[in-house]
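Below: one structure, written as structure tokens.
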Amino acid sequence: MSLLVLDPGPLTTVQDRGRPGWAHLGVPVAGVLDTVSAALALRLVGASPEEALLETTVGGMSARVDGARWMAVTGADGPLTIAGRPAPRHTAVWVPDGAVVEVGAAARGVRAYVAFAGGVAVEPVLGSRSTDTLAGVGPPVLRAGAVLPLGVPSGSPTGVEAPGPVARRRSLRVWPGPRRDWLAPGAWEQLLATSWSVGAASNRVGLRLQGAGVPRREGEIASEGMVAGAVQLPPDGQPVVFLADHPVTGGYPVVAVVDAGDLPVCAQLRPGERVTLRPARR
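Numbering (my numbering) for the sequence shown: 49 to 330.
And the structure:
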């Protein structure tokens with residue numbers, strides 16, 4: 049039972065929950081960006097939360113399924129066809145043996161999650177099947193002709209009604225970062241008051257925000273550990289929100305940290321969309 053990739057689209061990778069615990073050796077966590085949508089896709093097909101699935105980026109992908117099974121597509125909105133026929137997203141659908149699945153380009157949002165009963169069973173690396181696009185750890189980015197093994201289904205598709213896609217909020221909750229003192233007087237208020245544009249260079253490493261630069265002290269700090277959601281401020285004052293494939297250390301001050309509950313929102317923000325930062329509350 050396997051999946052033959054026909055067209056991987058702009059960027060399709062294998063992802064699971066990631067590989068925590070290796071940062072001291074310079075290995076990022078990686079893993080799915082939109083944890084909410086990915087967990088839903090796995091739950092819909094009866095797969096365990098630890099199993100792997102596919103993460104597409106904007107342009108979708110297509111593949112032939114060799115071995116009939118359940119599948120589900122969640123996350124970004126867009127068309128889905130199975131054997132040439134339209135199929136719904138955000139619910140489990142049956143895929144006949146040999147059918148071609150086409151996940152269309154995202155009409156809203158960025159990343160879609162394609163789960164199959166039994167999960168994508170590539171060999172794990174350091175305990176995870178996630179592709180790390182920065183460090184090059186894990187399975188390679190998918191190419192046309194790649195064959196992915198599928199695991200043995202361990203559960204039945206869920207009968208629970210699936211919610212709709214993750215709300216496309218346009219604000220991110222942030223906590224003060226450990227280097228907030230590097231901001232110039234009044235710069236924290238400016239950071240929160242600015243309507244930021246999502247930069248075209250945003251990727252799995254970081255969400256790049258563009259706007260009026262936030263002033264800070266000159267210079268760099270000694271490299272220190274980074275976490276997902278860290279808002280790093282380079283000398284140009286354009287914030288970068290680190291995502292799943294972020295480096296484990298950095299030399300620019302982390303002036304804020306996006307609340308972990310809002311990282312799935314970062315995963316679905318498209319280039320050119322506007323987003324604001326607002327204080328997180330306990």
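Ideal placement from N, C-alpha and C gives every residue a C-beta, glycine not left out.
Item to check | Those residues which DSSP pairs with D114 across a bridge | outcome: Taking the first residue of the sequence shown as position 1, residue 114 is located at position 66. DSSP lists S50 as partners of D114.
Item to check | Reduced DSSP category for A131 - H, G, I as helix; E, B as strand; rest coil | outcome: If you number the sequence shown from 1, residue 131 lands on position 83. Residue state for A131 is assigned as coil, using DSSP reduced to three classes.
Next on the checklist: Short of 8 Å in beta carbon distance, which residues of its chain neighbour A87, apart from the five on each side in sequence? Order them along the chain.
Outcome noted: Numbered from 1 along the sequence shown, position 39 holds the residue referred to as residue 87. Within its own chain, the residues whose Cβ lies closer than 8 Å to the Cβ of A87, once the five positions on either side in sequence are excluded, are P97, listed in chain order.
Item to check | Contact check, P201 vs G94, beta carbons under 8 Å | outcome: One-based indexing of the sequence shown puts residue 201 at position 153. One-based indexing of the sequence shown puts residue 94 at position 46. Yes; because the gap between Cβ atoms is below 8 Å, this pair is in contact.
Next on the checklist: I'd like to know whether the C-beta atoms of V62 and R112 end up nearer to each other than 8 Å.
Outcome noted: To locate residue 62, count along the sequence shown from 1; it is residue 14. To locate residue 112, count along the sequence shown from 1; it is residue 64. Going by C-beta atoms, V62 is not nearer than 8 Å to R112.
Checklist entry - On the premise that G132 lies in contact with R159, defined as a C-beta separation below 8 Å, what is that separation, rounded to the nearest angstrom? => result In the sequence shown, counting from the first residue as 1, residue 159 sits at position 111. In the sequence shown, counting from the first residue as 1, residue 132 sits at position 84. About 25 Å separates the beta carbons of R159 and G132, which is beyond the 8 Å limit, so they are not a contact pair.
Item to check | T104 versus Q316 - alpha carbon distance | outcome: As a first step, residue 104 must be located in the sequence shown, where it is residue number 56. As a first step, residue 316 must be located in the sequence shown, where it is residue number 268. Approximately 11 Å, taken between the alpha carbons.
Next on the checklist: Assuming contact is defined by CB atoms lying nearer than 8 Å, are R191 and A100 in contact in what I supplied?
Outcome noted: Translated into the one-based positions of the sequence shown, residue 191 becomes position 143. Translated into the one-based positions of the sequence shown, residue 100 becomes position 52. No, the pair does not count as a contact, with Cβ atoms beyond the cut-off.
Next on the checklist: I'd like to confirm the pairing. Which residues does DSSP put opposite E272 in its beta bridges?
Outcome noted: The residue given as residue 272 occupies position 224 in the sequence shown. Paired residues: G298.
Checklist entry - For L281, which three-state DSSP category applies? => result Translated into positions along the sequence shown, residue 281 becomes position 233. Under the three-state reduction of DSSP output, L281 falls in the coil class, being neither helix nor strand.
Checklist entry - What is the DSSP secondary structure of P224, reduced to helix, strand or coil? => result Here residue 224 is taken as the residue at index 176 of the sequence shown, counted from 1. P224 falls in the strand class under three-state DSSP.
Next on the checklist: Which same chain residues end up closer than 7 Å to P263 when comparing Cβ atoms and leaving out the 5 residues on each side of it in sequence?
Outcome noted: Taking the first residue of the sequence shown as 1, we reach residue 263 at position 215. Excluding positions up to five away in sequence, the list reads A232, A235, G285.
Next on the checklist: Using only CA atoms, which one of R256, P226, S219, S250 lies nearest to L240?
Outcome noted: Translated into the one-based positions of the sequence shown, residue 240 becomes position 192. Answer by Cα proximity: S219.
Checklist entry - Hey, which unbroken runs of the alpha helix (DSSP H) at 4 residues or more fall wholly within the stretch 234–264? => result Qualifying alpha helix (DSSP H) stretches, in chain order: 235–241.
Item to check | E237 versus V151: straight-line alpha-carbon distance, rounded | outcome: Residue 237 sits at position 189 when you count from the first residue of the sequence shown. Residue 151 sits at position 103 when you count from the first residue of the sequence shown. Cα to Cα, the separation comes out at about 42 Å.
Next on the checklist: So, for A270: in the same chain, excluding its five sequence neighbours on each side, which residues have a beta-carbon less than 8 Å away from its beta-carbon?
Outcome noted: Residue 270 sits at position 222 when you count from the first residue of the sequence shown. Answer for A270: G299, listed in chain order.
Checklist entry - Is D64 helix, strand or coil by DSSP? => result The residue given as residue 64 occupies position 16 in the sequence shown. Coil at D64, not helix or strand.
Checklist entry - What's the call for H138, buried or exposed, on a 16-neighbour Cβ count within 10 Å? => result Here residue 138 refers to the residue found at position 90 of the sequence shown. By the neighbour-count rule (16 or more Cβ atoms within 10 Å), H138 is buried.
Checklist entry - Given S250, which residues of its chain have a CB within under 7 Å of its CB, disregarding the five upstream and five downstream residues? => result The sequence position of residue 250 within the sequence shown is 202, counting from 1. Excluding positions up to five away in sequence, the list reads R256, P319.
Item to check | Three-state secondary structure assigned by DSSP to A327 | outcome: Residue 327 sits at position 279 when you count from the first residue of the sequence shown. Reading off the sequence shown, one finds Pro at residue 327, where the question assumed Ala. Three-state DSSP puts P327 in a strand.
Item to check | Anticipated Cβ contact below 8 Å, S245 with Q258, distance rounded | outcome: Here residue 245 is taken as the residue at index 197 of the sequence shown, counted from 1. Here residue 258 is taken as the residue at index 210 of the sequence shown, counted from 1. For a cut-off of 8 Å, the C-beta gap from S245 to Q258 is around 5 Å, short enough to register as a contact.
Checklist entry - Just reading off the alpha helix (DSSP H) that T332 is part of, what are its end residues? => result The displayed coordinates of the chain run from 49 to 330. Any statement about residue 332 would go beyond what the structure contains.
Checklist entry - From which residue to which residue does the alpha helix (DSSP H) around V313 run? => result Translated into positions along the sequence shown, residue 313 becomes position 265. Counting along the chain, the alpha helix (DSSP H) containing V313 begins and ends at 311–316.
Checklist entry - At a Cβ threshold of 8 Å, is D82 touching chain B? => result This model lacks chain B altogether, as it is built from one protein chain only.
Checklist entry - Is D114 near D145, with beta carbons less than 8 Å apart? => result Residue numbering aside, residue 114 sits at position 66 when the sequence shown is read from its first letter. Residue numbering aside, residue 145 sits at position 97 when the sequence shown is read from its first letter. Less than 8 Å divides the Cβ of D114 from the Cβ of D145.
Next on the checklist: What does the Cβ neighbour count give for S204, buried or exposed, with the cut at 16 atoms within 10 Å?
Outcome noted: Sequence index remark: in the sequence shown, residue 204 carries index 156 (1-based). It counts as exposed.
Checklist entry - Span of the beta strand (DSSP E) holding T105? => result On the sequence shown, position 57 is the one that residue 105 refers to. The continuous beta strand (DSSP E) containing T105 extends over residues 101–105.
Item to check | Distance between V302 and R217 (C-alpha atoms, nearest Å) | outcome: The sequence position of residue 217 within the sequence shown is 169, counting from 1. The sequence position of residue 302 within the sequence shown is 254, counting from 1. So the alpha carbons of these two residues sit roughly 23 Å apart.
Next on the checklist: For a quick check, are the C-beta atoms of G186 and A78 less than 8 Å apart?
Outcome noted: Taking the sequence shown and counting its residues from 1, one reaches residue 186 at position 138. Taking the sequence shown and counting its residues from 1, one reaches residue 78 at position 30. The answer is yes: Cβ separation under 8 Å.
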